[in-house]
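J.: Just passing along the structure, written as structure tokens.
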Amino acid sequence: MANKKEDQPNDYKFDTKLLHFGAEIDETTGASSVPIYQASTFHHHDIFSPPTHDYSRSGNPTRQALEDYIALLEGGVRGFAYSSGMAAISSSLMILSAGDHIIATEDVYGGTYRLLSSILTRMNIETTFVDMTDLANVKAAYRPNTKAVYMETPSNPTLRITDVAGITGWAKEKGLLTLLDNTFMTPYYQKPIEQGVDIVVHSATKFLGGHSDVLAGLAVARTEAIGAQLKQLQNGLGTVLGAQESWLLMRGMKTLGARMAHSEISAAKLAAWLMSRSDIPAVYYPGLLDHPGREIHEKQSTGYGAVVSFDVGSGERAKAVLNKVRLPLVAVSLGSVESILSYPAMMSHAAMPKDFRLERGITDGLLRFSVGLEDIDDLIADLDQALSNT
36 MANKKEDQPN DYKFDTKLLH FGAEIDETTG ASSVPIYQAS TFHHHDIFSP
86 PTHDYSRSGN PTRQALEDYI ALLEGGVRGF AYSSGMAAIS SSLMILSAGD
136 HIIATEDVYG GTYRLLSSIL TRMNIETTFV DMTDLANVKA AYRPNTKAVY
186 METPSNPTLR ITDVAGITGW AKEKGLLTLL DNTFMTPYYQ KPIEQGVDIV
236 VHSATKFLGG HSDVLAGLAV ARTEAIGAQL KQLQNGLGTV LGAQESWLLM
286 RGMKTLGARM AHSEISAAKL AAWLMSRSDI PAVYYPGLLD HPGREIHEKQ
336 STGYGAVVSF DVGSGERAKA VLNKVRLPLV AVSLGSVESI LSYPAMMSHA
386 AMPKDFRLER GITDGLLRFS VGLEDIDDLI ADLDQALSNT
């Protein structure tokens, strides 16, 4: 029987790759789903010729199918699956050593901020947080011991845009490693490796999984050398994704294109409706005509995504709205089939000091709406009643 992976053309369109990624048919049985290899260890039929997989921390066939899948979608040479998005980020940053310095997006996800500001500092790895909407700020933060640049674009939750190609071009001149969190856009809308990024990371719990039922992280390496480093770290740290979760994530990823396309249309309508209201001081969405960085975003992405953030004016009103909405989940996380309304000040960015948070526009009145697959008219009507009664 022909090997599906070897026969896989590289010129399929993205939506086709989501379903035909090389391991979609089991070669042994013809099953239409990747088998779940619920095994911790593997028999050596010949002790002098070790099998491809010997221990599931080092490699598992189900996880390998997922890792090959995300590498194909992102256009990298090697993929890696981790137990969470933060495990993917922290494991990737372990490439660095004591004494190294990182330049990072200032309004980065709160968990990443906590890692950079209170965990890596104990290992003598320092971070300077800068406004990456201006390349000059990144260049100004450079030090002799700078080793990496960490990007998040659009940023979470204010959706600021970083010129990825501008950053990577400068970083290569300086010999710096570049990393980018692609959780919001996913490879459906944004291919950072094509823009020169060395490592792309995801909280796959979000849009890639898409169903609020799996915790997972992914990373993709641009080169074999970086891939070898990430493999050593993944195996050494043991931050791997289990077989069951790998299978669940692959199942979710098959519908990524359909989900993202539907949710983006709804998100654009929601953003426009919020902009029309006089009681909403600020709306953040890359698809809005006056969104800062929209022109740059359109050069490096093919869409605007499904996350809309908006300021309702005060913390008291934000909490009242959260208590009055009926349709979206009021919860941590985003990127699911159901809409999720979050309160960054007390959820995703609770780890950020208040003064630092406020300086970056993450106010007490800011809400983040991850638009799901519900009818957008129902979502707007629900949010309207919540806003009108606060």
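Once you know that position 390 of the sequence shown is 425 in the numbering used here, the rest is easy, because the numbers rise by one and skip nothing.
C-beta: ideal position from N, C-alpha, C; glycine also.
State the Cα-Cα distance for the pair T258 and G111, rounded to the nearest angstrom.
T.: Distance between the alpha carbons of T258 and G111 is about 7 Å.
J.: Say whether the segment 291-300 touches the segment 401-411, bearing in mind that this needs 3 or more beta-carbon pairs closer than 8 Å, one atom from each stretch.
T.: Cβ pair count under 8 Å is three or more, so yes.
J.: Tell me whether F77 counts as near the ligand FAD, meaning its Cβ is closer than 7 Å to at least one heavy atom of that ligand.
T.: For the structure depicted, the ligand FAD is absent and the ligand set is empty, with no information on it obtainable.
J.: Three-state secondary structure (DSSP) at R286?
T.: Helix, per DSSP.
J.: Roughly how many angstroms separate the alpha carbons of E208 and G201, rounded to a whole number?
T.: Distance between the alpha carbons of E208 and G201 is about 11 Å.
J.: Mind checking which residues open and close the beta strand (DSSP E) that includes I138?
T.: Taken as a continuous stretch (DSSP letters only), the beta strand (DSSP E) holding I138 covers H136 to T140.
J.: Could you tell me how far apart the beta carbons of R113 and A106 are, in whole angstroms, since I believe they sit closer than 8 Å?
T.: With 8 Å as the limit, R113 and A106 qualify as a contact, their Cβ atoms being about 6 Å apart.
J.: Using a threshold of 8 Å, state whether the C-beta atoms of K174 and L212 are closer than that.
T.: Cβ atoms of K174 and L212: not closer than 8 Å.
J.: Pull up the distance between the alpha-carbon of A37 and that of H80, whole angstroms please.
T.: Below a pLDDT of 50, predicted positions are generally treated as unreliable, and A37, at 37, falls in that range; the measurement from the model is reported next regardless. Going by the C-alpha atoms only, they are around 24 Å apart.
J.: List the endpoints of the continuous alpha helix (DSSP H) containing M310.
T.: Residues L291 to M310.
J.: With H, G and I counted as helix, E and B as strand and the rest as coil, what does DSSP make of V112?
T.: Coil, per DSSP.
J.: Which residue spans inside the segment 245-279 form an unbroken beta strand (DSSP E) run of at least 3?
T.: Listed in chain order, they are 252-256.
J.: So what does E102 bridge to, in DSSP terms?
T.: DSSP lists no partner for E102.
J.: From this set, G65, A100 and T76, which residue's C-alpha is nearest L283's C-alpha?
T.: Ranking G65, A100 and T76 by Cα distance to L283 puts A100 first.
J.: Does Y177 come out as helix, strand or coil in the three-state DSSP assignment?
T.: Y177 falls in the coil class under three-state DSSP.
J.: When burial is assigned at 16 or more other CB atoms within 10 Å of the CB, is G210 buried or exposed?
T.: Burial call: exposed.
J.: Below 6 Å CB to CB, which residues in the same chain sit around Y72 once its five sequence neighbours on both sides are set aside?
T.: Correct list, in chain order: N95, P96, T97 and A278.
J.: Given S190, which residues of its chain have a CB within under 6 Å of its CB, disregarding the five upstream and five downstream residues?
T.: Only T140 and D142 meet the Cβ criterion.
J.: Could you please give me the residues that DSSP links to Q73 through a beta bridge?
T.: None, per the DSSP bridge assignment.
J.: Is the Cβ-Cβ distance between L53 and M288 less than 8 Å?
T.: Contact flag set, yes.
J.: Return the CA-CA distance between R286 and D61, expressed in angstroms with no decimal places.
T.: Distance between the alpha carbons of R286 and D61: 14 Å.
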